[in-house]
Each structure stands twice: as C-alpha cells, then as structure tokens.
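In what follows, a structure is listed as structure tokens, so that the remarks can point back to it.
In the UniProt record's numbering, the protein residues as written are 1 to 397.
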C-alpha cells in the first residue's frame with residue numbers, strides 16, 4: 001500500500017492537510033480528463049494508471065474521513081453520557097440534601113447494600129473509564145452470607161449471594177428518622193407517674209419533664225481498591241456484601257453501647273438469671289407501657305445462650321425458645337458487654353440516618369478503580385427514660 005493511501009496515517013493528519021490532499025488529487029484527475037477531451041482522445045495508458053492511483057488515494061481519504069467521523073461520534077457519545085451521568089449524580093445529591101423521605105416512610109432502617117441496578121452502573125462506568133455515584137432509595141432485605149476475595153483476578157471465582165446484613169437498629173425496629181444535617185435533636189421524656197383524679201375545681205398536674213438531647217452524625221463506610229481490569233458485576237456485588245457487613249458491625253458498636261448506657265447501672269447478679277431477666281423485661285414494659293413481645297434482649301452470644309437454655313415446660317410455642325425469652329426477642333452481638341444482658345423497648349429510642357451512598361472512581365496514579373459505600377448516622381438516642389434495663393449474668397462480687 002502506498003504511504004499516501006495509508007488510512008492509519010491519514011486519520012492522524014490535520015483537517016486542513018486532509019482537505020488540501022483531497023483538492024489536489026481531484027484537480028489532477030480533472031486536468032487529465034480536460035486535456036483528453038480538448039484533444040478529442042481517450043486517456044493514455046500512463047494517464048489511466050495515474051488516474052487509477054489518484055482514485056485509490058481518494059478512496060483512502062474518504063475512508064479516513066469515515067473513521068474520523070466515527071471517532072468523533074463516539075467521543076461525543078461518551079461526553080454526552082458523562083454529562084448525563086454527572087447530572088444524575090447531581091440530581092441524586094440534590095434529592096438527598098432535600099431530605100427525601102422515600103426510604104424512611106415507615107421509620108425503617110435504610111438498606112446497607114448497593115442495589116443491583118447501581119452496581120451494574122458502577123461496573124459500566126469503570127469499564128468506560130468514568131466515575132459514578134448513587135444514593136439508594138430502596139430497602140430490600142435478602143438472606144445469605146458474605147463474599148470472597150481475589151477481587152479483579154482473571155481467574156474464575158464465585159461468591160455467596162447478596163444479602164442485607166442484620167444489625168440491631170433494623171432487627172429491633174428502632175425508629176429511624178431522615179438525617180438532613182450533621183446534627184439532630186431528640187426530645188427525651190421522663191414519663192409522668194400515676195396520680196389520682198381531681199374534682200371539677202382542682203387543677204390537674206402539669207407535665208414539663210422534657211429535655212432536648214443533641215445528637216451528632218458520623219459516617220460509617222468501607223471502600224476497596226480493585227483492578228483496572230474489573231468488568232464484572234459480580235466483583236462489585238461481592239464487595240458490596242463485605243462493605244455492608246462492615247457497616248452493620250459499625251452500627252452495632254454504636255447502637256449497643258448507647259442502649260447499654262441508657263440502662264445505667266445493671267441490676268446486681270442473682271443466681272436465677274432467667275427469673276431476673278423476666279423481672280427486668282416486665283420492668284421495662286411497665287416503665288414505658290410497651291408490650292413484652294415488642295421488647296428486645298441484647299447480649300453477647302454466651303450471655304444470650306444462658307437464656308436459650310431455659311426451656312418452657314409445655315405449650316405449643318416451645319420452638320420459639322431459641323428466638324425469644326419471656327416474649328422478648330433475642331439479639332446476640334459481639335458488640336455487647338460480656339456478663340451483661342440488656343432488655344429494651346425499641347419504641348423508646350430513635351436514630352437519625354441517611355440513605356446509603358456509593359461511588360466509584362479511577363485513580364490516575366495507577367489506573368485502578370476504587371469503589372466504596374457509606375451512610376451517615378447519629379448515635380441511638382433515648383426518647384423515653386426507663387426504656388432499658390440491664391442485669392448482670394456473672395457474680396462480680
């Protein structure tokens with residue numbers, strides 16, 4: 001192939017030079033044709049060969065234009081997609097900052113998993129060399145354990161399915177309010193005691209035992225560095241699983257500590273741990289006028305096992321002993337204090353949380369990708385005094 005007909009080289013020349021070549025070749029062909037017509041003859045063999053070479057060059061120039069047009073179209077498409085994606089991110093952030101309550105309409109905790117749709121968008125953005133961000137608005141809960149490693153490896157690998165990990169806020173049903181700033185305030189009530197009724201002319205009692213509890217939000221999240229060759233949705237799905245479990249553990253560290261603190265001093269150890277726990281549960285129910293079956297007992301796996309060893313003597317509900325004690329649900333947690341069991345009424349507490357957010361970006365220093373997810377939350381606040389009671393399960397004397 002003649003050098004002047006090399007499409008790869010023609011694509012790289014400037015528009016001005018390519019246009020000049022086109023005009024020159026066209027002029028050469030036209031000159032030969034005009035000369036032959038003036039002399040009333042056909043093109044000579046030499047003129048025909050030169051014209052054929054010029055036609056080949058014209059075709060090469062045409063193909064170069066087509067390649068450049070295609071590249072320009074692709075570049076414009078990528079730029080358009082990038083602008084669209086940036087607009088989507090901006091819209092998601094605006095929606096989040098505006099305090100959209102879609103994920104909080106029932107007071108439930110937000111999902112800790114990045115949705116499948118957003119994971120696909122993250123993978124596509126990484127493959128295209130772009131960034132992406134999203135705010136989750138759904139609260140799907142699936143069941144199965146967490147993921148493996150070798151992220152970005154070229155070898156085939158598998159992992160467990162996606163699941164929203166259990167954590168105390170979600171398990172207990174502690175009311176969740178939308179977080180719209182870095183600080184929040186929770187009203188804390190010391191409920192009034194009972195009083196006798198009064199006659200027509202006697203004022204009934206005043207109630208003003210309310211204080212504002214300030215709460216400051218912090219961020220909980222995880223991020224991972226993955227290979228620049230990552231192009232599989234399952235890779236990000238596995239990371240999302242692991243990130244969700246990490247965030248759930250973080251939330252438990254905060255929530256369990258706050259609830260144990262709300263219980264103040266633990267009731268002294270008694271040999272009959274089961275009987276003492278029933279007393280504590282009944283006390284909480286009476287303090288805040290809650291149903292015993294709505295209460296939750298939290299403790300270490302070893303301390304919870306003490307209650308699970310107590311079997312009902314009879315009745316059709318014998319199987320629920322592993323999940324409940326004296327009507328209250330059981331929640332084993334490594335975040336709990338050893339030697340302590342705490343029973344609490346979830347409705348006596350509240351927490352402020354934002355929806356889960358996620359982002360992926362490219363590190364310009366090595367071309368690798370970074371993927372992460374996070375949310376903001378305040379500590380769990382106590383709204384009703386007396387909503388938690390702790391008992392000691394070991395003799396500390």
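The beta-carbon is built from N, C-alpha and C at its ideal position, and this holds for glycine as well.
- The DSSP-derived three-state label of residue 346 is helix.
- Going by beta carbons, residue 225 and residue 358 fall outside the 8 Å limit.
- In terms of CA proximity to residue 390, 258 leads the group 356, 258, 323 and 364.
- Per the coordinates, the alpha-carbon of residue 32 lies some 8 Å from the alpha-carbon of residue 43.
- With contacts defined as CB atoms closer than 8 Å, residue 220 and residue 375 qualify as a contacting pair.
- Shortest Cα-Cα distance from residue 204 to any of 194, 213 and 123 involves 194.
- For residue 359, the beta-bridge partners assigned by DSSP are 133 and 372.
- Taken through DSSP and simplified to helix, strand or coil, residue 165 comes out as coil.
- Annotated three-state conformation of residue 251 is helix, per DSSP.
- Residue state for residue 174 is assigned as coil, using DSSP reduced to three classes.
- When Cβ pairs closer than 8 Å are counted between the two stretches, the segment 291-299 is seen to touch the segment 325-340, the count reaching three or more.
- As computed with DSSP, residue 219 is found in a beta bridge with 376.
- Annotated as proximal: residue 64 and residue 10, with beta-carbon spacing under 8 Å.
- Distances from the alpha-carbon of residue 113 to those of 239, 181, 383 and 273 put 239 closest.
- Only residues of its own chain outside the window of five on either side were considered, and among them 391 have a CB closer than 6 Å to the CB of residue 267, listed in chain order.
- Considering only 41, 61 and 50, the residue with the shortest C-alpha distance to residue 13 is 61.
- The DSSP-derived three-state label of residue 329 is strand.
- The C-beta distance from residue 256 to residue 335 rounds to 4 Å, short enough to meet the 8 Å contact threshold.
- Counted as a single uninterrupted DSSP element, the beta strand (DSSP E) harbouring residue 188 occupies residues 183-189.
- Within its own chain, the residues whose Cβ lies closer than 8 Å to the Cβ of residue 176, once the five positions on either side in sequence are excluded, are 104, 107, 108, 109, 110, 169, 350, 351, 352 and 353, listed in chain order.
- When DSSP states are grouped into helix, strand and coil, residue 43 belongs to the coil group.
- Going by DSSP, residue 392 is part of the beta strand (DSSP E) stretching over 388-392.
- For residue 205, no alpha helix (DSSP H) run applies, since DSSP gives it neither H nor E.
- Secondary structure at residue 53: helix, using DSSP grouped into helix, strand and coil.
- According to DSSP, residue pairing for residue 382 in a beta bridge involves 349.
- Per DSSP, the unbroken alpha helix (DSSP H) holding residue 20 starts and ends at 15-38.
- Closest option to residue 166, judged by alpha-carbon separation, among 248, 288 and 365: 248.
- In terms of Cα proximity to residue 307, the closest of 56, 287, 45 and 339 is 339.
- Counting every other CB atom within 10 Å of its CB across the protein chains shown gives residue 30 a total below 16, marking it as exposed.
- The C-beta separation of residue 388 from residue 343 comes to about 7 Å, placing the pair in contact by the 8 Å criterion.
- Per DSSP, the unbroken alpha helix (DSSP H) holding residue 275 starts and ends at 273-288.
- In the three-state reduction of the DSSP assignment, residue 63 falls in the helix class, which pools H, G and I.
- In its chain, beyond the 5 residues on either side, 284, 288, 290, 295 and 387 have a beta carbon closer than 6 Å to the beta carbon of residue 345.
- Around the CB of residue 373, 16 or more other CB atoms lie within 10 Å, so the residue is classed as buried.
- Taking C-beta atoms under 8 Å as the contact rule, residue 128 and residue 78 qualify, at a distance of about 7 Å.
- DSSP, read as helix, strand or coil, puts residue 246 in helix.
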